[in-house]
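Each number in the numbering used here corresponds to the 1-based position in the sequence shown with 10 added.
Yeah, the Cβ is synthetic: ideal placement off N, Cα and C, and Gly gets one too.
Notes follow the structure.
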Amino acid sequence: MPEQTTTTARASASPRTLMAVLFALSLVAGAVTPLQGRVNSALSSAVEDPILAALMSFSSGLAAMVLVTLLVPSGRRAASEVLPALRRGQVKWWYYSAGFIGACLVFTQSLTIPVIGVAVFTVAMVTGQVVGGMGVDRLGLTPAGVQRIGPRRLMGAALALAAVLVVVWPQLGEALGGAANTGGAGADAGAAEGAGLLWLLMAAIPVVAGFGTSVQQVFNGRQSAAYGSPIPVTLINFLAGTALLGLIYLGKAVVAGASGPLPAVWWMYMGGPLGCVFIGVSALLVPRIGAFLTTLGLVAGQLLGSLLLDTVAPVDGAAVSAWTVVGTLGALAAVVLASWSGGVKRVPRA
11 MPEQTTTTAR ASASPRTLMA VLFALSLVAG AVTPLQGRVN SALSSAVEDP ILAALMSFSS
71 GLAAMVLVTL LVPSGRRAAS EVLPALRRGQ VKWWYYSAGF IGACLVFTQS LTIPVIGVAV
131 FTVAMVTGQV VGGMGVDRLG LTPAGVQRIG PRRLMGAALA LAAVLVVVWP QLGEALGGAA
191 NTGGAGADAG AAEGAGLLWL LMAAIPVVAG FGTSVQQVFN GRQSAAYGSP IPVTLINFLA
251 GTALLGLIYL GKAVVAGASG PLPAVWWMYM GGPLGCVFIG VSALLVPRIG AFLTTLGLVA
311 GQLLGSLLLD TVAPVDGAAV SAWTVVGTLG ALAAVVLASW SGGVKRVPRA
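Written out as structure tokens, the structure is:
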């Protein structure tokens, strides 16, 4: 009898343990995002061309994934399933557009942040991600199946958004104040109204981009389940993104000329490999815990990574405050709250 009790306890603890491991992975993947952002920012400043910087970042990620796919036996086996899965209808051809969505996100950042600032962009983006994640889970679009939007998930979503607001509140206040005063007291009323509408449009774009990342997670999760590995999914993402950015840069070079020489600093090209971690882990998690919980884990990891990076290697204007710590802890609490009654989906090949 004691033996049976022990076995039952272990069996019941196993899903909870697996959930903890998966969320630890999401925290790690989210934590590399601030580091990736700093590396990409340094490269963009060095070449003075955000399009070229994005292309180089995607290209380095593509090179890394080609090596991983060739050198890892499971990667080669999974890659051999790409065309058969497409022929069987397990993977739709439009799933391959997930890499385009990632490339478009780069443009969203370049387009909107100079107008609305990083703080507003972050809040708008996370709002789109959280709401989009809940939506695709409720519709059962991921291999994790239909997931009910219960009170815990709603409270977890609200807590995650509140945590992000707390972290960026000082910068958010400045950005919103600047938007309210757009045009100045002596400016023409029509011009001021137009500038205000432009600001609102720019603030709405990251929300749409957040929804787009949920669609990207669906496409990647479906492919990961079909191939039995996130490795070929990540490779396809970087292949598609590199192709799109390459065409855009080529058009820009024809019209405005090519940019200057690339810097000979190796770490400036590590943004792509860091992005491989983010996309690969996302593709691994979505089929098992859904898009919403994956998003919460990644957001919490992003705040945690920012906190650690600003503590260990601060830059001008970046200060770790008590609100930063409180917001990060709040995001971690949101993950625990939303996932408390959740389970891990054992995903067969789609």
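- For the pair residue 310 and residue 168, the CB atoms are not nearer than the 9 angstroms cut-off.
- Per the Cβ contact rule, the region 328-344 is in contact with the region 298-310 (3 or more Cβ pairs under 8 angstroms).
- By the CB criterion at 9 angstroms, residue 158 and residue 148 fall inside the cutoff.
- With a 10 Å radius around the Cβ and a threshold of 16 neighbouring Cβ atoms, residue 39 comes out buried.
- The region 250-267 makes no contact with the region 314-333: fewer than 3 CB pairs, one atom from each, lie closer than 8 angstroms.
- Taking the Cα of residue 231 as reference, the smallest distance to any Cα among 128, 338 and 151 is reached at 151.
- For residue 59, the secondary structure class from DSSP, reduced to helix, strand or coil, is coil.
- Of all alpha-carbon atoms in 237, 105 and 56, the one lying nearest the alpha-carbon of residue 79 is that of 237.
- Of all alpha-carbon atoms in 233, 240 and 302, the one lying nearest the alpha-carbon of residue 100 is that of 233.
- Distance from residue 297 to residue 89 at the Cβ level is roughly 18 angstroms; contact not present, criterion being Cβ atoms closer than 8 angstroms.
- In terms of Cα proximity to residue 48, the closest of 306, 26 and 281 is 281.
- For residue 75, the CB contacts under 7 angstroms within the same chain, skipping 5 residues up- and downstream, are 244, 245, 248 and 286 in chain order.
- The alpha helix (DSSP H) runs of length 4 or more contained entirely in the region 221-282 are, from start to end of the chain, 241-266.
- A distance below 9 angstroms separates the beta carbons of residue 175 and residue 337.
- When secondary structure is reduced to three states using DSSP, residue 179 falls in the helix class.
- Going by DSSP, residue 138 is part of the alpha helix (DSSP H) stretching over 108-148.
- Collapsing the DSSP output to three states places residue 100 in coil.
- Residue 343: member of the alpha helix (DSSP H) spanning 332-349, first to last residue.
- Counting only the Cα atoms, residue 314 lies some 8 angstroms from residue 37.
- Taken atom to atom, the span from the alpha-carbon of residue 137 to that of residue 166 is near 13 angstroms.
- In terms of Cβ geometry, residue 96 and residue 273 do not form a close pair [threshold 9 angstroms].
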